[in-house]
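Report on the structure given below.
Numbering (UniProt numbering), first residue to last: 1 to 66.
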């Protein structure tokens with residue numbers, strides 16, 4: 001788990017929210033992740049790996065809820 005995913009988990013825990021839910025889409029070299037926090041959806045930028053896609057979505061979520 002990357003730094004943005006960890007930070008997002010911390011934010012949710014501190015606010016007593018459910019943990020974020022990640023949804024991945026893509027092929028072998030093009031991945032897009034959407035993360036749901038409470039009822040808000042945040043889609044990351046296309047990435048070359050699933051892990052980077054999760055990080056991109058988590059970063060957008062942090063910016064969106066802060």
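All residues carry an ideal CB built from backbone N, CA and C; glycine is no exception.
Output the distance between the C-alpha atoms of residue i and residue j, rounded to the nearest integer angstrom.
i          : j          : result
residue 48 : residue 54 : 11 Å
residue 16 : residue 40 : 16 Å
residue 25 : residue 13 : 26 Å
Going along the chain, which residues of its own chain have a beta-carbon closer than 6 Å to the beta-carbon of residue i, five neighbours each way excluded?
i          : result
residue 43 : 34
residue 56 : 44, 45 and 47
residue 50 : 24 and 31
Going by CA-CA distance only, name the one from the options that's closest to residue i.
i         : options       : result
residue 3 : 65, 66 and 52 : 52
residue 6 : 27, 59 and 38 : 59
Once DSSP output is grouped into helix, strand and coil, what is the label at residue i?
i          : result
residue 26 : strand
residue 62 : helix
Using a Cβ-Cβ cut-off of 7 Å (strictly less than) and excluding sequence neighbours within five positions of residue i, which residues of its own chain qualify?
i          : result
residue 19 : 9 and 12
Residue i: buried (16+ other C-beta within 10 angstroms of its C-beta) or exposed?
i          : result
residue 62 : buried
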